[in-house]
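Using this note's numbering, the letters of the sequence shown map in sequence onto residues 640 to 748.
All residues carry an ideal CB built from backbone N, CA and C; glycine is no exception.
Here is the structure we will look at, set down as structure tokens.
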Amino acid sequence: MILFFVVIAICLISRILSSPLGAVMEVIRENEKRAAACGFDVARTKLLVFVLSAAICGLAGSLHALHLSIVPIDSLHYLPSGQAVMMSILWVAWALSLAPLLAPRSCSI
Numbered sequence: 640m641i642l643f644f645v646v647i648a649i650c651l652i653s654r655i656l657s658s659p660l661g662a663v664m665e666v667i668r669e670n671e672k673r674a675a676a677c678g679f680d681v682a683r684t685k686l687l688v689f690v691l692s693a694a695i696c697g698l699a700g701s702l703h704a705l706h707l708s709i710v711p712i713d714s715l716h717y718l719p720s721g722q723a724v725m726m727s728i729l730w731v732a733w734a735l736s737l738a739p740l741l742a743p744r745s746c747s748i
């Protein structure tokens, strides 16, 4: 049952990303001012993306509770959220530290 919802969520996300909304999201991610200049409603799109991400996170939380068959009191503390945020920050810092190493080098002749 959980796998069914995960597959449905992944299919929904891939459909959204390959739709015109996904293209607008990519444009906003790359250059917000240019997206606004092209006539896209940036604030409305950001709000829609925030609502979609909240819905997917809510689905993930409910599937986690369904998987555990109980919601332990430890999961309601602020530390698990803080750990997820800290892992994201550390991953981004690690990825940015590797960016100069992975960048294509120009060959001057």
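Checklist line | Cβ contact check for the region 695-710 and the region 645-656: 3 or more pairs under 8 Å | finding: yes
Note to self: Can you find the residues in the same chain that come closer than 8 Å, C-beta to C-beta, to leucine 687, ignoring five residues on each side of it along the sequence?
What the structure shows: Excluding residues within five positions, the ones whose Cβ falls inside 8 Å are Leu660.
Check: Quick one, are the C-beta atoms of isoleucine 667 and alanine 674 less than 8 Å apart?
Finding: yes
Next item on the list: Would you tell me roughly how many angstroms separate the C-alpha atoms of valine 690 and isoleucine 728, rounded to the nearest one?
Entry: 22 Å
Check: Starting from phenylalanine 643 and walking both ways along the alpha helix (DSSP H), at which residues does that stretch end?
Finding: 641-656
Check: For valine 724, is the classification buried or exposed, using 16 other Cβ atoms within 10 angstroms of its Cβ as the cut-off for buried?
Finding: exposed
Check: How many angstroms separate the CA atom of isoleucine 712 from the CA atom of proline 719?
Finding: 11 Å
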